[in-house]
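Colleague:
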Amino acid sequence: MITVKKTDFSDIDFAAGQVILIDKSIGDTSFDVVYKVRKAVGVKKVGHAGTLDPRATGLLIVCTGKKTKEIFRFQDLSKTYFGKITLGKSTFSYDAESDFSSERGIVNVTPEKVLAARDMFLGDIEQIPPMYSALKHKGKALYKYARKGEEVIREPRKVTIYSFDILDINLPEVSFRIECSKGTYIRSIANDLGEKLECGGYLSELRREKIGDYSVDEAFNIHDFVDLTAKKSVNVQ
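So the sequence shown is numbered by this note's numbering: it starts at 33 and just counts up by one.
#1: Would you mind sorting proline 143 into buried or exposed? The rule is 16 or more other CB atoms within 10 Å of its CB.
#2: Straight-line CA distance for glutamate 135 to lysine 56?
#3: Output the boundary residues of the beta strand (DSSP E) element that contains asparagine 202.
#4: List the residues that DSSP assigns as beta-bridge partners of aspartate 127.
#5: Roughly how many whole angstroms lie between the Cα atoms of leucine 174 and leucine 84?
#6: So, under 8 Å CB-CB, glycine 79 and threonine 100 are touching, yes? Tell me the CB distance rounded to an integer number of Å.
#7: Please report the straight-line C-alpha distance between serine 265 and glutamate 250, rounded to a whole angstrom.
#8: Name the residue from Arg186, Asp45, Thr112 and Tyr217 whose alpha carbon lies nearest to the alpha carbon of glycine 97.
#9: Threshold first: 3 residues or longer. Then list the beta strand (DSSP E) segments lying entirely within the region 152 to 189, N to C.
#10: Using only the alpha-carbon positions, how far apart do lysine 37 and glycine 59 sit?
#11: CB threonine 123 to CB glutamate 205, shorter than 8 Å?
#12: Does the ligand GTP have a heavy atom nearer than 7 Å to the CB of isoleucine 221?
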C-alpha cells in the first residue's frame, strides 16, 4: 500500500522513481494526466498503469523515473469500479461518448431479469473488445477505424469478473460495483448486459475506485498535486 504523508519537495527524487495516485477528473484523458504530472515534476519518464476513458473518473496510478519499469506490476492487479448502465438504448461506443445506435425501450425489463442477466457475467467470461478502443489493428488504433464507420473483426478475450454487485435498479438506470481482472472493458459489460436483456444498454457513468489494494480515497486531484509541487510540498509513496 502507498503510505500517504506530507514531506518537503526537496526530499523527493522523481527521477529516481515515485508512485503517485491521481483521482482523474471527467474530461481529462489519461495522457492529459501524465502530461500534467511530467510538467509539474520536471521528469521526462512518466507513465500510467492503466487507461481510463475521458468520461470516466477515478484512480490512475502514475509512475515517474525508474518506477516506470514497475508499471506492469500495477497493470496486473484487479480493478474495482462503480458505475451506472442506462438500459433501453445502445451507442456505437458503448458509453455516452457517441451517438445512439438503437433505441428499443425497457417495456419488458424487470429487476429480476436484470439480476438474472448479471449472473451470466460472473467468473471467467469471453469478451469482445469495443471498436471504440485503443487496441491496435495493423498498427492503428481501433477507434480510428470506428470513427470512419469501419468495422474490424476482433477476437474474444478471456477476462474474469470476480464480483458484480447491483446496487440499485431505478429503470432505465442500473447502478453497480464490479471487481474484474485486467483487460476488462466495462463498456462492453454494459452493452452486453443490454443485449442479454434484449433492450440495449450503454455505460452512462464510471468511476475506478481501486486497483488492487490501492484506493482512490488516497489519491490526489491533479490540480492539487500540481499546486503542491509548486509549493515544494507533496504526498507520495
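Every residue gets a Cβ at the ideal spot worked out from N, C-alpha and C, and that includes glycine. Remember, it's a predicted structure, so these values are computed and weren't measured experimentally.
Modeller: Once the coordinates are examined:
#1: Numbered from 1 along the sequence shown, position 111 holds the residue referred to as residue 143. Under this definition proline 143 is an exposed residue.
#2: Locating residue 135 in the sequence shown gives position 103, counting from the first residue. Locating residue 56 in the sequence shown gives position 24, counting from the first residue. In a straight line, the C-alpha of glutamate 135 is about 31 Å away from that of lysine 56.
#3: By one-based count along the sequence shown, residue 202 stands at place 170. Asparagine 202 -> beta strand (DSSP E) spans 189 to 202.
#4: In the sequence shown, residue 127 corresponds to position 95, counting from 1. Note: aspartate 127 sits in a beta bridge opposite Leu235.
#5: Within the sequence shown, the letter at position 142 stands for residue 174. Within the sequence shown, the letter at position 52 stands for residue 84. If I take the Cα positions, the gap works out to 16 Å.
#6: The residue given as residue 79 occupies position 47 in the sequence shown. The residue given as residue 100 occupies position 68 in the sequence shown. Right, the Cβ-Cβ distance comes to about 5 Å (below 8 Å), so this counts as a contact.
#7: Counting from one through the sequence shown, the residue named residue 265 turns up at place 233. Counting from one through the sequence shown, the residue named residue 250 turns up at place 218. With a pLDDT of only 46 at serine 265, under the threshold of 50, the placement of this residue in the model should not be trusted; the figure read from the coordinates follows. Roughly 16 Å separates the two Cα atoms.
#8: Position 65 of the sequence shown, counted from the start, is the residue given in the question as residue 97. Of the candidates Arg186, Asp45, Thr112 and Tyr217, the one whose C-alpha sits nearest the C-alpha of glycine 97 is Asp45.
#9: The region 152 to 189 contains these whole beta strand (DSSP E) runs: 155 to 159.
#10: Indexing the sequence shown from 1 puts residue 37 at position 5. Indexing the sequence shown from 1 puts residue 59 at position 27. At lysine 37, the pLDDT of 42 sits below 50, so the modelled position is not reliable; the number obtained from the coordinates is stated separately. Distance between the alpha carbons of lysine 37 and glycine 59: 28 Å.
#11: Translated into positions along the sequence shown, residue 123 becomes position 91. Translated into positions along the sequence shown, residue 205 becomes position 173. It is not a contact, given that the beta carbons lie outside the stated cut-off.
#12: Annotation note on the ligand GTP: not contained in the displayed structure, which lists no ligands.
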